[in-house]
Amino acid sequence: MGIKRNILSIITILLNFAWCGRAKPIDYPSYSCPSFEEERVEVDLYKKYNAKIDIPNFIETFRQQQADSWGRSFVELKQGLYEWKQSRFLDLKDGDTIYESACGVGMNLLLTLEIVKEVKNVSNIVVYGNDYVARSAEIANALMDGGLLPDGASKGVICQGDSSNISFVPSNSFDLVFTGFLQALRNPLGYGLDIDDLWYSYKRLCKQENTHQIKIVELMQKRQEDWFDLWVSEQIRIAKPGAPVIIEQLTKPVCEEMDDWGGVRKDFWKDGVARYGWDIDPDSIEFAVDTVMEVGRYNVFMRKNKEHNTTTCV
4 MGIKRNILSI
14 ITILLNFAWC
24 GRAKPIDYPS
34 YSCPSFEEER
44 VEVDLYKKYN
54 AKIDIPNFIE
64 TFRQQQADSW
74 GRSFVELKQG
84 LYEWKQSRFL
94 DLKDGDTIYE
104 SACGVGMNLL
114 LTLEIVKEVK
124 NVSNIVVYGN
134 DYVARSAEIA
144 NALMDGGLLP
154 DGASKGVICQ
164 GDSSNISFVP
174 SNSFDLVFTG
184 FLQALRNPLG
194 YGLDIDDLWY
204 SYKRLCKQEN
214 THQIKIVELM
224 QKRQEDWFDL
234 WVSEQIRIAK
244 PGAPVIIEQL
254 TKPVCEEMDD
264 WGGVRKDFWK
274 DGVARYGWDI
284 DPDSIEFAVD
294 TVMEVGRYNV
304 FMRKNKEHNT
314 TTCV
């Protein structure tokens, strides 16, 4: 019996080595895009701006074109994000996949591929994404299909989709997940006002000091944070175990940054691991000052917890 056990143990070890050492085929995510109606006031600006874009001309002159009405060209955006990208997208290697939530017209995806190619000489990457605005997703697809991707890079699937609910995207699928901008709610309290009146109404709330107004501001901030959680939870869900989850251009609470629409404090991110049950290593969370816009924004890097595997490869 002892000899048989030893033989079985040796066979098990040899099989483990064979399994760990074999070349595993890359199984790229595959799924279909949903359809829905655009309803949110937050996207009105992008819808109006992108409706005017002539796609053939946009592709031909994209380096001089504005990125989603930000007032920054592709070249300026790439310069502003270069240092951040080259330090936080270092995990990427040949054959990997990137997903950008709320990818807009695709400029951030494209400049990310260019930076990774220039810094690490990695180009065999497949890109995926979604945007709430159908026209933006259409332009992003045209940009990715326009012969502009670095050699070896390719497009997977870019859909019109709601970043707070991308249930059509499979879980644990991507080597890096990011968003170039997490759009804050512009009307978290549901006021029946037009967009210009909303801005001034929320700013006036911040100047009130009575107990009732303070509670309203607290409710406003809680709704904003719960909205951010919906986006972030979906990003975490679709990332592979151990993969980076990155959020750029983060805005601060409306009463702390009067020139922006509202957002979350930096302590929200570590608190969110316990508060929302995010599958994130809290020690991995790091911040950097945004160098693209001039309104006090910041970027955050996080890493999804690694999967516990009982089979050890040595």
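Everything in the sequence shown is counted per the working numbering, starting at 4 for the first residue and increasing by one. For every residue, glycine included, the Cβ atom is placed at its ideal position computed from N, Cα and C.
Is the separation between the beta-carbon of TRP234 and that of SER167 shorter than 8 Å? yes
In the DSSP assignment, the alpha helix (DSSP H) including ALA291 goes from what residue to what residue? First-last for ALA291: 289–292, but that is the beta strand (DSSP E), not the alpha helix (DSSP H).
Excluding the 5 residues preceding and the 5 following TYR279 in the sequence, name in chain order all residues of the same chain whose CB lies nearer than 7 Å to its CB. ASP232 and SER236
Does the Cβ of MET261 have 16 or more other Cβ atoms within 10 Å, making it buried, or fewer, making it exposed? exposed
Buried or exposed: where does PRO244 fall if 16 or more other Cβ atoms within 10 Å of its Cβ makes it buried? exposed
Note the first and the last residue of the continuous alpha helix (DSSP H) segment covering ASP274. 270–278
Sequence-distant residues of its chain with Cβ nearer than 7 Å to ASN308 (five each side left out): PRO244, ASP282, ILE283 and ASP284
For GLU41 and VAL292, the rounded distance between their alpha carbons: 32 Å
Beta-carbon proximity list for ASN127, same chain, < 6 Å, skipping 5 on both sides: ASP97, GLY98 and GLY155
GLY195 versus GLN216 - alpha carbon distance: 18 Å
Let me make sure I understand the geometry here. Which of ARG43, PRO32 and SER33 has the alpha-carbon closest to that of ASN190? ARG43
Could you give the distance in angstroms between the alpha-carbon of ILE62 and the alpha-carbon of TRP202? 34 Å
Compare the beta carbon distance of THR182 and GLU79 with 8 Å and say whether it is the shorter of the two. no
Quick check on DSSP: helix, strand or coil for GLU221? helix
Backbone secondary structure at GLU212 - three-state DSSP: coil
Boundaries of the beta strand (DSSP E) in which GLY83 is found, first to last residue: Here GLY83 belongs to no beta strand (DSSP E); instead the alpha helix (DSSP H) covers 77–91.
How about THR100 and ASP178: do their beta carbons lie closer than 8 Å? yes
Report back the beta-carbon spacing between PHE304 and ILE249 to the nearest angstrom; my notes put them in contact at under 8 Å. 5 Å
May I ask you to report which of helix, strand or coil DSSP gives ALA70? coil
Nearest to VAL130 by CA position, among ASP263, LEU151, LYS273 and THR294, is which residue? LEU151
Could you check if ARG25 is buried or exposed, using at least 16 other CB atoms within 10 Å of its CB as the buried criterion? With a pLDDT of 49 at ARG25, under the threshold of 50, the modelled position of that residue is not reliable, and no figure is offered here.
Are the CB atoms of TYR52 and PRO173 within a distance shorter than 8 Å? no
ASP134 in three-state terms, based on DSSP: strand
Top-ranked residue by Cα proximity to GLY266, from PRO247, GLU117 and GLY299: GLY299
Among residues of its own chain, excluding the 5 on either side of CYS209, which ones have a beta-carbon nearer than 8 Å to its beta-carbon? VAL220, VAL257, CYS258 and MET261
Assigned secondary structure, VAL129 (DSSP; H/G/I helix, E/B strand, else coil): strand
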